[in-house]
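All letters in the sequence shown, in the order written, are residues 863 to 1076 by the numbering used here. I have placed the structure first, in the form of structure tokens, so that the comments after it can refer back to it.
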Amino acid sequence: MDKNDIVLRQATPDDLLAIASLYCTLWRQDLAAQGLAEEAMLCSKLSTAVLALRSPHTVVATDIQQNGRVVGACFAGLAGSTNEAWRADYERLLAAADQRAQTADKDLEASLYCDVRELAVADRFIASESPFAQAEISLLMLHPDCQGLGVGRKLMNDARAKLASAGATAFFLMTDTESDWRFYEHLGMQRLHEQRIPGPQQDFVTYIYGGHTA
């Protein structure tokens, strides 16, 4: 994959399946390996929709040599802002998760609502009135084929510029032990908080990192 073939564009709800498929590839293969492919996609779609709902700036990285295949995404917005274009999908998928949860075991139920519940940590951080709580990057992900090409930095720089244009001087993001949190430290961000969250198989630790828009 050539970094010169990667183009950023604004995401729309029409990209839900493509973004969720990438999310599933990165973080929901445990469910797929258990024969729960449908549930894995439901988790991924719900996570995509709830994160997009709170992110007016939803951007995807696409590979023009592969018919515009989505290979990355970054969602960002001022704290407390919403992107109403994604609300209908979020409500539909939440209802589907609620229905599936009625017959799910504890581990599957935890997977279904993992990101929905994790956002409560972000909301408490916003309420803390930290100087970094002005804005949030709620999702940053890359296909493994893109890693090391500078695409992640390109997505971050794009989000920073948009947040700065919206009036924010600082922002935060959440990550965890299942993600490449060292990447944010490489970009000069600082760890502000960590918290242990119950996971479907084992507990994991979430981190809040803070950075500046300029």
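C-beta: ideal position from N, C-alpha, C; glycine also. Every value quoted in this text rests on a predicted model; they were computed, and no experiment measured them.
Cβ contact (3+ pairs, closer than 8 Å) linking the region 1042 to 1056 and the region 950 to 965: no
Beta-carbon proximity check, Leu-908 vs Leu-955, cutoff 8 Å: yes
Where Gln-1057 falls: helix, strand or coil (DSSP): strand
Proximity winner among Cys-1008, Ser-992, Ala-1023, relative to Gly-1072 (alpha-carbon distances): Ser-992
3 or more residues per run - each beta strand (DSSP E) lying fully within the region 1013 to 1046: 1032 to 1038
Host beta strand (DSSP E) of Ser-1000 (start-end): 997 to 1004
Top-ranked residue by Cα proximity to Ala-997, from Leu-913, Gly-1029, Gly-1014, Asn-1019: Gly-1029
Continuous alpha helix (DSSP H) stretch holding Asp-925: start and end: From DSSP, Asp-925 is part of no alpha helix (DSSP H) but of the beta strand (DSSP E) over 919 to 925.
Whole-angstrom C-beta distance between Ala-894 and Ala-902, which should lie under 8 Å: 5 Å
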